[in-house]
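Report on the structure given below.
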Amino acid sequence: MTDSVGLALGDAAAPPGMRLYAIGDVHGRLDLLSGLYRRIRAEIEHDRPADWRIIHLGDYIDRGPNSRGVLDFLIDLTGSDRRIVALAGNHDLGLPWFLSDPRHNTLFTRHGGAATAASYGVTADFADNAAARETARRLQAAIPEAHTRFLLDLPLSVSFGDFFFCHAGIRPGTALDAQDRQDLIWIRDEFLDWTGLHPKVIVHGHTPREDPERRANRINIDTGAFKTGRLTAVAIDGRGIRFLQT
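Residue 337 in our numbering sits at position 228 of the sequence shown; the count goes up by one each step and never skips.
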């Protein structure tokens, strides 16, 4: 089944009276995330929107220095306020995948997992499968069960008004409610190169850019925070769109 009606960014709106914030890939940068939250909280307290949501687009762990702190931060927030939503990214699922099937050549071992392990006090060794299994054993002992459960329970997408939020993007031509979970956390070229409209405007991360991208059919807010020191959020009020950065 495909959706035949497309919606351009200029015509897309948040639900009446609701302000939407979406935050891009954090990758262990608790310092940037905390700073961005202070700005968002200050705006909400000052403007008093009738309703609001904060949506995290995934990739909370790996590469940056404080993956453990980021998960503690998000678990506390999402557990205390239903208006804060955390979605899954490929890196977030890469950790439990590694723990369940430890091998030396995986997403976790090749793309920043050593930094995540260090945040739990574990020195990672991924030299071969035996070393990976031993690292996984030590990680399983060090990682709180609440952290693993949080990662495994993360939803893959959410929608508010005319906006659809996910980590990586969608498969063009496929109904939003029929998207494959792998596409939602992994897709790149087929989605990024698509110039046609989607049923809703897609707000995503996953593919870092120097600056946030604002296209007719999508908004990309991954600005490579772990490397650039710039964590980006988009704020949507009615049909107004603006970006916030640390």
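For glycine and all other residues, C-beta sits at the position ideal for the given N, C-alpha and C.
CA-to-CA, the gap between G173 and K309 works out to about 32 Å.
F352 is bridged by DSSP to V343. By the neighbour-count criterion, in which a residue is buried when 16 or more other Cβ atoms sit within 10 angstroms of its Cβ, G333 is buried. The beta carbon of G115 is closer than 8 Å to those of G305, L306, H307, P308, N326 in its chain, skipping five residues each way along the sequence. At least 7 Å separates the beta-carbon of L196 from that of L216.
Burial check for H200: the Cβ neighbour count within 10 Å reaches 16 or more, so the residue is buried. Counting only residues of its own chain and dropping the five nearest sequence neighbours on each side, N238 has a CB closer than 6 Å to the CB of R212, H213. Going by beta carbons, T225 and I170 fall inside the 7 Å limit. Shown here for L141: same chain residues with a beta carbon closer than 6 Å to its own, the five before and five after excluded, namely A334, L340, T355 in chain order. Apart from the 5 residues on each side of it in sequence, L186 sits with its Cβ closer than 7 Å to the Cβ of I193 in its chain, given in chain order. In the structure shown, the three-state DSSP call for E299 is helix. Classified as buried, G203 has 16 or more neighbouring CB atoms from the shown chains inside 10 Å of its CB.
In the three-state reduction of the DSSP assignment, H313 falls in the strand class. Relative to the Cα of A245, the nearest Cα in the group R323, D286, A223, D160 belongs to A223.
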